[in-house]
Amino acid sequence: MAPKNSEASTNSKMVMNKGAWTGEEDRKLAEYIEVHGPKRWKTVAMKAGLNRCGKSCRLRWLNYLRPNIKRGNISDEEEDLILRLHKLLGNRWSLIAGRLPGRTDNEIKNYWNSHLSKKINKKEKKPAECSTPQDSITEKTCEAVATGQETVEESSKGAAIPELSFDVNELFDLSTQGTYDLEWVNKFLELDEDPWLAVAEDR
DNA sequence: AACATTTGCAACCGCGTGCTG
DNA sequence: ACAGCACGCGGTTGCAAATGT
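Take any residue in the first sequence, note its place counting from 1, add 7, and you have its number in this note's numbering.
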């Protein structure tokens with residue numbers, strides 16, 4: 008996207024920049040955080056010489072500049088995991104993203120809204136037609152989610168975690184276990200947060 | 001080729017929560 | 001106990017790119 012508001016900084020009323028980030032802004036932000044760490048975002052914005060609000064800086068850092076960020080190419084396994092976790096947690100994007108190393112809540116949320124929600128709607132409309140032995144794990148998971156007792160729409164409406172009225176073992180009892188097995192699921196709520204942020208805290 | 005529509009995603013906004021003085 | 005601030009989250013918007021007509 009082309010920057011639209013980069014001229015805002017020249018305004019004498021100090022109107023904050025909005026819209027797409029420029030390469031120069033990214034560089035300033037990354038350099039400042041490299042030295043001082045990702046905290047006190049209001050200060051970061053000012054000290055880094057960015058005519059941006061702290062919120063904007065934080066978002067840019069978390070979603071794009073942070074080390075070890077993965078961009079695009081969400082694998083079948085990741086997609087499958089997103090589906091399962093969404094079934095379990097609802098629209099708790101940060102929690103879901105926390106279980107997908109290198110992925111951000113914003114990316115997961117966007118991916119859900121633009122890809123997975125449509126897939127699931129499709130499955131809800133015609134669940135019988137779509138299931139073939141060749142289906143990928145995500146296809147199967149989509150169908151499991153779409154045909155489950157609790158619909159995705161219901162779990163998406165409220166901010167609260169949907170009631171765990173279903174059997175977790177049943178939910179995860181799909182043909183492919185791989186990395187995302189039951190033991191992992193049972194532990195996932197207890198795991199600590201992003202190790203990089205923990206390092207940043209120590210600075 | 002030109003225009004209209006849809007899609008994908010980066011970024012913003014408002015609100016809730018936790019921390020600090 | 002309270003107010004103010006900073007942070008984090010989820011919902012929503014805006015717009016470029018892709019696709020359709």
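C-beta: ideal position from N, C-alpha, C; glycine also.
- Here Ala-52 carries a helix assignment [DSSP, helix/strand/coil].
- Listed in chain order, the alpha helix (DSSP H) runs fully inside the stretch 25 to 78 are 30 to 43, 48 to 54 and 61 to 67, counting runs of at least 4 residues.
- It is roughly 12 Å from the alpha-carbon of Leu-88 to the alpha-carbon of Gly-105.
- Contact holds between the stretch 33 to 47 and the stretch 61 to 74, because three or more Cβ pairs, one in each stretch, are under 8 Å apart.
- Where Ile-89 is concerned, the enclosing alpha helix (DSSP H) starts and stops at 83 to 96.
- In the structure shown, Asn-113 falls within a helical segment according to DSSP collapsed to helix, strand and coil.
- Closest in alpha carbon position to Leu-36, among Lys-25, Val-51, Asn-24 and Gly-26, is Val-51.
- DSSP places Leu-123 in no alpha helix (DSSP H); its state is neither H nor E.
- Distance check between Arg-78 and each of Lys-125, Asn-113, Lys-126 and Ser-124 places Asn-113 closest, using alpha-carbon atoms only.
- Between the alpha carbons of Ile-115 and Trp-100 lies a gap of roughly 7 Å.
- Comparing alpha carbon positions, the residue from Gly-61, Arg-110, Pro-108 and Arg-34 closest to Lys-25 is Gly-61.
- A check of alpha carbon separations from Lys-94 across Ala-27, Ser-63 and Ser-124 identifies Ser-124 as the nearest.
- When DSSP states are grouped into helix, strand and coil, Leu-107 belongs to the coil group.
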